[in-house]
Structures are given as structure tokens and as C-alpha cells.
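There are 2 protein chains.
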Amino acid sequence: MDQKKWALDARQASYQLAVLSPEERNAALRGIKDALKKHRETIFAQNALDMAQAEEEHLAMPLLKRLKFDEAKLADVLSGLDSLIALPDPLGRITLARELTPGLNLYRVACPIGVIGVVFESRPDALVQIAGLCLKSGNAALLKGGREALRTNRALMAAMQEGAKDILPPGWAALLETRDDVNDMLSQDESIDLIIPRGSNAFVKYIMEHTAIPVMGHAEGLCHTYVDASADVDMAVKVAVDAKTQALAVCNATETLLVHQDIAAAFLPPCAEALKARGVELRGDERTRAIIPCQPATDADWDTEYLDAILSIKIVDSIEEAIAHINRHGSHHTDAILAQDEQAQRRFLSGVDSAGVYVNCSTRFADGFRYGFGAEVGIATGKLHARGPVGVEGLCTYKYQLIGSGQTVAETVNGTITYTHKDL
Amino acid sequence: MDQKKWALDARQASYQLAVLSPEERNAALRGIKDALKKHRETIFAQNALDMAQAEEEHLAMPLLKRLKFDEAKLADVLSGLDSLIALPDPLGRITLARELTPGLNLYRVACPIGVIGVVFESRPDALVQIAGLCLKSGNAALLKGGREALRTNRALMAAMQEGAKDILPPGWAALLETRDDVNDMLSQDESIDLIIPRGSNAFVKYIMEHTAIPVMGHAEGLCHTYVDASADVDMAVKVAVDAKTQALAVCNATETLLVHQDIAAAFLPPCAEALKARGVELRGDERTRAIIPCQPATDADWDTEYLDAILSIKIVDSIEEAIAHINRHGSHHTDAILAQDEQAQRRFLSGVDSAGVYVNCSTRFADGFRYGFGAEVGIATGKLHARGPVGVEGLCTYKYQLIGSGQTVAETVNGTITYTHKDL
Numbered sequence: 427m428d429q430k431k432w433a434l435d436a437r438q439a440s441y442q443l444a445v446l447s448p449e450e451r452n453a454a455l456r457g458i459k460d461a462l463k464k465h466r467e468t469i470f471a472q473n474a475l476d477m478a479q480a481e482e483e484h485l486a487m488p489l490l491k492r493l494k495f496d497e498a499k500l501a502d503v504l505s506g507l508d509s510l511i512a513l514p515d516p517l518g519r520i521t522l523a524r525e526l527t528p529g530l531n532l533y534r535v536a537c538p539i540g541v542i543g544v545v546f547e548s549r550p551d552a553l554v555q556i557a558g559l560c561l562k563s564g565n566a567a568l569l570k571g572g573r574e575a576l577r578t579n580r581a582l583m584a585a586m587q588e589g590a591k592d593i594l595p596p597g598w599a600a601l602l603e604t605r606d607d608v609n610d611m612l613s614q615d616e617s618i619d620l621i622i623p624r625g626s627n628a629f630v631k632y633i634m635e636h637t638a639i640p641v642m643g644h645a646e647g648l649c650h651t652y653v654d655a656s657a658d659v660d661m662a663v664k665v666a667v668d669a670k671t672q673a674l675a676v677c678n679a680t681e682t683l684l685v686h687q688d689i690a691a692a693f694l695p696p697c698a699e700a701l702k703a704r705g706v707e708l709r710g711d712e713r714t715r716a717i718i719p720c721q722p723a724t725d726a727d728w729d730t731e732y733l734d735a736i737l738s739i740k741i742v743d744s745i746e747e748a749i750a751h752i753n754r755h756g757s758h759h760t761d762a763i764l765a766q767d768e769q770a771q772r773r774f775l776s777g778v779d780s781a782g783v784y785v786n787c788s789t790r791f792a793d794g795f796r797y798g799f800g801a802e803v804g805i806a807t808g809k810l811h812a813r814g815p816v817g818v819e820g821l822c823t824y825k826y827q828l829i830g831s832g833q834t835v836a837e838t839v840n841g842t843i844t845y846t847h848k849d850l
Numbered sequence: 427m428d429q430k431k432w433a434l435d436a437r438q439a440s441y442q443l444a445v446l447s448p449e450e451r452n453a454a455l456r457g458i459k460d461a462l463k464k465h466r467e468t469i470f471a472q473n474a475l476d477m478a479q480a481e482e483e484h485l486a487m488p489l490l491k492r493l494k495f496d497e498a499k500l501a502d503v504l505s506g507l508d509s510l511i512a513l514p515d516p517l518g519r520i521t522l523a524r525e526l527t528p529g530l531n532l533y534r535v536a537c538p539i540g541v542i543g544v545v546f547e548s549r550p551d552a553l554v555q556i557a558g559l560c561l562k563s564g565n566a567a568l569l570k571g572g573r574e575a576l577r578t579n580r581a582l583m584a585a586m587q588e589g590a591k592d593i594l595p596p597g598w599a600a601l602l603e604t605r606d607d608v609n610d611m612l613s614q615d616e617s618i619d620l621i622i623p624r625g626s627n628a629f630v631k632y633i634m635e636h637t638a639i640p641v642m643g644h645a646e647g648l649c650h651t652y653v654d655a656s657a658d659v660d661m662a663v664k665v666a667v668d669a670k671t672q673a674l675a676v677c678n679a680t681e682t683l684l685v686h687q688d689i690a691a692a693f694l695p696p697c698a699e700a701l702k703a704r705g706v707e708l709r710g711d712e713r714t715r716a717i718i719p720c721q722p723a724t725d726a727d728w729d730t731e732y733l734d735a736i737l738s739i740k741i742v743d744s745i746e747e748a749i750a751h752i753n754r755h756g757s758h759h760t761d762a763i764l765a766q767d768e769q770a771q772r773r774f775l776s777g778v779d780s781a782g783v784y785v786n787c788s789t790r791f792a793d794g795f796r797y798g799f800g801a802e803v804g805i806a807t808g809k810l811h812a813r814g815p816v817g818v819e820g821l822c823t824y825k826y827q828l829i830g831s832g833q834t835v836a837e838t839v840n841g842t843i844t845y846t847h848k849d850l
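Residue numbers (this note's numbering), protein chains in the order written: chain A, 427 to 850; chain B, 427 to 850.
In C-alpha cells:
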């Protein structure tokens, strides 16, 4: 396998990052802040070129809005770096301390993962945010942004490198520029410890199927809100409307509403009215259509992440049917129950196999900022390592430190020393 | 993709396992114990058939010893189940509790991963141990053992199924029997959450490269012991001898000894004498051969896991050279420093990128039983999710439970409610 220089550089840099103190990592973040401020005009000028080309290529308005990097976006990015600096150090935390035998102590200590490759969308502010998260957690970062943002990203990366150059090795972060680079990334399993792809379901699956490197992916968000027989109808309408309409093209919006048959007649009419007032198209199963006027839902609807002003509705006989539907059709992202009955709440919390299981609140809360993580590098829908919104803690692993004074295993076998396994 | 019935059954069973209480899971473990005792004669008889065939096929003596399932092995297996029953419940632990806003509380709660596929070697006792670990942690298990142990494994699985049938759904554990089953496993990413391959480096790599399912692999163990300039010579000799010779064909045995140049003349002669007395062949670099008589080491030796009575020895100029050698040639399993200087110890602990980093003790301590985990399903050399010896805790993930009383994201935007992010 052909080892790429940028991957080897990142690996080398990761060893140097791992031994930096929290003060040094925070000082580098402050240096990056200062350099971004200093080079703001260059960055804005490069962004203007990216914007001009994007307009020429008739990119859609939402894409253009995301691509724009102006004073307001810079202010957001700088305040994001401030929050990162203020976060407690994620490294060095001891999560297990145990005497194995007198004088031989085991510690499980949080440490960086090493080298993290992130493929992200066309928002240039994401470049700074992700680089900052990786640096705070002591990881080297290989960053591939959107093609449309290339000039902006180059200017941001140049400023960040300048701001950190007195503290960090140059390999602490690198900008990858082409699709070939992404494909090369997939084969660098000697040098890259984790790949985080942000993008379409198909893209994340492609990455997972073409690399031996662990992937932390956020493939899709097909979230459900289940209205139990015991729900408070007013609260249920309010929360369901928020879960569907507070934002539409987002992974934590509810796409399917499951309604217990015993509450359907009371709940569906006011809920449908509120949703239609917000322009939402409703697609219901047969029993739903017997209560409210709406389009018929087909089997495909239960497996569709609309990311749009469309909601599918299904009436279920029981909470068990709701849980089974969610586990079968959902994306294990975030699902909510609206219920007053505590037994139903508990049943849902333990039975639904999702990163987020919510009681009486909107699925839209699934977000690193809202959870108080400071920022997130993505929302993981896999189950290993980190699940749900992933902040700096999810970019750490641990090592076992065993501190002794000459102990051998032979002595445990011949009985000279015996295990105590006493937590410290 | 063709979904296999055994995989779908395991997925369904996993949802039922997830809602069992710790008492129910422990009762199932007790039922399994009783059934294994009850059916001991059948199990021994099936094992005798496996043994007879293995002898006919002239299997090597160590393999035959591992294949044998007799009273002593049964006693070990039963006492292993007792330890599992005695372990605290790994599920339900709350690792984060935070008020997001008054009345809206976030909890991170340990839960099972779901369905775990394990491919293991020819020891039939491993079947019971792994099934027990999965059950204790609420996971369904797909288990593929060695071909040589098939009759024994079938008898063990039949007994376990009978012992647990009043509490568990039949899909809680299934025995896979063929290599085709293993290949089928790799494509069941809808139904399997994690694959744990135990076996050769090449086998683990093959699995990693042919599945989109996360793999927790223990590929190889190329462990180092580094003797620092500040080491106590007597202790260093004692520990180095244990690390190399206490057992030979094991992943946590030391394969390469790195020796600081300032202590080489004092340390190497007594160490070489002790190792040669135990029949260890020494292979040294040029500087080592100038001090003690031994075979010349080639570049290939630094990358070789001998699993045998062979030790490679290299003299290094500095602790930095030792750390760089370990990070480049090691397998990120377990590496030790023998040193009295605390600064050198700290430098090694933070600089070496391995699951286990040890000070003044033998690399042979890297083991779930020795760490007090009760048992291990393997030793992970990857860095994600779980690292080092993996016990029941490594077979768990977590979910975020968000418990509210009607909160919406719209209210956080319009200022009706504000985030407090107060840890509870």
C-alpha cells in the first residue's frame, strides 16, 4: 500500500500532540483565533471568489448561504473557539483506578485517538470548528471540505497554521483537496485511526464499505414521535409540531408520527390543523385517513427521510407495535414518546434501540450544542465508541496505565503475590 | 442483500434481551450452569468423539489440550459463570446527568450493543465464556467456534439453550458451523452490530477488509519492554525474564527488548544469562552483540511476533528513540518501561500509543482476569470503543435519555426557555 506523505505527517504529528499539556493546546487555539482575526480580509476576499464561482454555477440559495463566510460567520467561529478553550480538558481523566496487588495499580486514562479524517460539507466554518475539536482533544486532523469552498478553506487553513506554528507541528491539520485524496484516505489504515464522513446516506455507506479504518458515521435521521394513549393532547400537539416544523432539512426532525389508537380521535384533528397551518403535507395510513383528511401513505413512506414539509402518520394498536416499527424502520438516531404513563415511558426508553430516546420533548433537541457539549463533530448513528452528538469526549479513547514496582506474573502463579482487585 | 434467518432471529432476540432486568439475566446464567452440570456426560461423550477425530487427523498436542473438555474444564467454566453472576450489572449505569433547562434532563445510560458475532478458536470452553459475557451484558450472540470442536460445541449450546429457555428467547445465542456462515455474517450489517474475530493477524485483517460492520480485533501482540538508563538492574532482569518467558505463545509476551545505551553494559550480561538458562534464543543489533554473544538481528526481527523462545534486543540512544521504535514497530498492544526516573516514566506513559503502557512490571499482566474484569472476550488493539482487555463493559454502549415535560426547540429560540446545562 502506498503511504501518503500527508498521512504519515499526520501520524507523526499525532505523537507530538499526545504529549502536549492542556495549556499548550489551549494556547494554540488562542493563536488560531488571533490569526483568523488578523487575516480576515484575505479570508473574506477568497470567499468572495468562491461565492462568485458558485453563483456562476447557479448553486441553490441554501448552498450559497452555507458557503458565505462573512463577519457574522467569523464571529460565530471565534466564539466557538472560545467555548472550546473554556471546556475542561477531555484528556487525562481517570475512569478506573484499581489496585491489582499491593504496589501494582491500574489506571484507565483518557487519551487522544490519534489521526482523524473528516469529510465534510461546503460550510467553511465547519473547517475551523472540526480542526478546533480535534486539537482540543489532542488529535491530528485530515480535513476534506466541499469543492465549492476550496479557496476559503485554503485561506482559513493558512491562517490556522500560522496561528499555531509556535506550538504545534505542521502536520497537526491538513487540508485535502480532491476526491482522489478521499479515496487515498480509505487505504491509509496504518496512519488514520478514524474516519468521520458527513454527507448523504449513500456517501457514508460507500465509505464504510471501502475501508478497513473504523468509520463514525451519521448516515441518516429518520426520527419518530410516538403519541401514547396516556399523552396530554395539548402538549403532544405542541411537541409534535415542533419536532416536524422547527426546521425541515435537518436530521433530527420527526418524519413519522405514530399514534396510539385510543388517543387518535382526540389528538389527530388538532395536530393536523396545526401542521397544515404550517404547510405540512400529511400522509396517513388507512385508519388515520378515517379520522383526518390526508394523502395515503405507502410502505415506502415508513422508510423515507423527507427532509421536507411532509409527515407520515400511522395508527398503532399498542406501544409494542410502536417500538417494533421504530426499531425496524428508524435510523437509530432519535425517537420520542409523548406519554404521561411512567410505565409506558420506561418501556419506550429501554425498548427503542436509538442513540437518543426522549420523553415528552421534541426530537429537535438532538444536538451537541443543546446537550452542552460545546460543539459537535457529527451525530453518530452507529453504536460503537460514541453514539448521538459527538463532541470532544467522543474524539478520545483511553489507555491502561499499570504502575508497579517489579511485579511479575510468575509471582502471582507461585503465590508470592496475590490479586486484591481493590478499587482505589 | 440476503438476510439470514439466524441473523434476523438474533436481532429480534436482542430487543427482548435489552429489556430484561439484571435479575432475569443472572437467573438465565444460573439456569445455564445447572443445565451444563445436568448434561455433563453427553458433553463429555461428544468431546470424546471430537478428540478421537482430532487424534486421527494428527492435530498438534497443544491444540488437543485446548480441545479437551473434561471435569476440570467444566469446573472452570462453571466458576467463570459464577464470577459473571457476581459482577455488578454493566447496564443502566448513568455516566452523564445534566439539566438542559429546568424540567428537561439528559442522562447517558449504559445499554447493550445489540447483536455480537464472535469467531473464536477451538477451545469449547470459550463458547460458554463468550455466550455468558454477551448474556450478562444483554447482547445476542452469534458464535462460530473451531471446526474441530463442533460436536462438543453443539452439545454445549443445546445444554445452554435448555437451561435458559424459560427466560430467554431462543435467538439469544446461536452456533454457526461453517466458513460460509462466517462469510454470510460479514454482509448482515442490518442485523449484526459488532464482529469480534479471534485468530491470526491475517484472519482479523481479512474480516476488517470484507465487512461494513464494526470489528473489534485483536490482530497481534508485538510487545516491548524498554530498560531505561535509570532502571534498577536486578528488578529489570527479573521483570524482563518474566515478560519473555512466563508464557511463550501468548500475545502479551515481550518480543523485543529495548535497552538504553547507558545501562546496557550493566544490564545485558545478567539478563542474557537468565534468559539463556531458560532456553531463549537472543537476537541482537550490532551494539548488543558487542556486549553479549547472540545471533544478529535483522530488520525483519523488529516486526516479528515470535510467539516462541526468541527475543530481539536493540540498544537505543534515548527514551525518545525507544518510544519512536515502539510506535513504529509495535502492535499497540502492551509495552513497558523499567525505570526509576519519574520523568522518564511519564514521558513513556504519554508518548507510547498502546492499549497498555506499563511501568516497572511485566507485559504479561495484560489480561482481563488479571485486571479484575472477571473475564474477557478478547484484547482489542484497535483504538475505538474498547481498548485492551475487553470484559462486559466493552460489550455495552450507551443511549441518551432526554426526559422533559413538553419542551420544544422553538421555545429556546424565542427565549421562553433558556439552557442552563447544569450537571445533576
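All C-beta atoms, glycine included, are put in the ideal place defined by N, C-alpha and C.
Using a Cβ-Cβ cut-off of 8 Å, state whether residue i counts as contacting chain B.
{"i": "A:Lys-670", "result": "no"}
{"i": "A:Lys-702", "result": "no"}
{"i": "A:His-465", "result": "no"}
{"i": "A:Gly-540", "result": "yes"}
{"i": "A:Asp-586", "result": "It should be noted that the sequence gives Met, not Asp, for residue 586 of chain A. Output row for A:Met-586: interface = no."}
{"i": "A:Cys-677", "result": "no"}
{"i": "A:His-847", "result": "yes"}
By Cβ distance below 6 Å, which residues in the same chain neighbour residue i in space, the five residues on each side in sequence not counted?
{"i": "B:Ala-581", "result": "Thr-468, Ile-469, Gln-472"}
{"i": "A:Ala-444", "result": "Pro-538, Gly-564"}
{"i": "B:Ala-552", "result": "Phe-546"}
What do you get for residue i, buried or exposed, if any count of 16 or more other CB atoms within 10 angstroms of its CB means buried?
{"i": "A:Asp-476", "result": "buried"}
{"i": "B:Asp-668", "result": "buried"}
{"i": "B:Pro-516", "result": "buried"}
{"i": "B:Val-783", "result": "buried"}
{"i": "B:Ile-749", "result": "buried"}
{"i": "A:Asn-531", "result": "buried"}
{"i": "A:Leu-601", "result": "buried"}
{"i": "A:Gly-518", "result": "exposed"}
{"i": "B:Thr-449", "result": "Checking the displayed sequence, the identity of residue 449 of chain B turns out to be Glu instead of Thr. B:Glu-449 comes out exposed."}
Can you tell me the Cβ-Cβ gap for residue i and residue j, rounded? I've got them flagged as a contact below 8 Å.
{"i": "A:His-636", "j": "A:Thr-680", "result": "No, A:His-636 and A:Thr-680 are not in contact; Cβ-Cβ is about 32 Å, not under 8 Å."}
{"i": "A:Arg-492", "j": "A:Arg-573", "result": "That belief does not hold up - the Cβ atoms of A:Arg-492 and A:Arg-573 are roughly 13 Å apart, past 8 Å."}
{"i": "B:Ile-458", "j": "B:Gly-571", "result": "The pair is not a contact, with the Cβ atoms about 17 Å apart (cut-off 8 Å)."}
Run through DSSP, which three-state label would residue i get?
{"i": "A:Arg-704", "result": "coil"}
{"i": "B:Glu-837", "result": "helix"}
{"i": "B:Thr-637", "result": "coil"}
{"i": "A:Ala-655", "result": "coil"}
{"i": "A:Ala-698", "result": "helix"}
{"i": "A:Thr-468", "result": "helix"}
{"i": "B:Lys-912", "result": "Not covered by the structure: residue 912 of chain B. The range shown for chain B is 427 to 850."}
{"i": "A:Ala-600", "result": "strand"}
{"i": "B:Ser-626", "result": "coil"}
{"i": "B:Tyr-784", "result": "strand"}
{"i": "A:His-854", "result": "The structure shown has nothing for residue 854 of chain A, since chain A only spans 427 to 850."}
{"i": "A:Asp-734", "result": "coil"}
{"i": "B:Arg-813", "result": "coil"}
{"i": "B:Glu-525", "result": "strand"}
{"i": "B:Arg-796", "result": "coil"}
Please go through the same chain and pick out, in chain order, the residues whose beta-carbon is closer than 8 Å to the beta-carbon of residue i, but skip the five residues on each side of it.
{"i": "A:Cys-787", "result": "Val-665, Ala-762"}
Quick one: is residue i near chain A, going by C-beta distance under 8 Å?
{"i": "B:Asp-476", "result": "no"}
{"i": "B:Glu-450", "result": "no"}
{"i": "B:Met-487", "result": "no"}
{"i": "B:Thr-730", "result": "no"}
{"i": "B:Cys-720", "result": "no"}
{"i": "B:Asp-592", "result": "no"}
I'd like the list of long-range same chain contacts for residue i, defined as Cβ closer than 7 Å, with 5 residues on each side in sequence excluded.
{"i": "B:Ala-453", "result": "Ile-593"}
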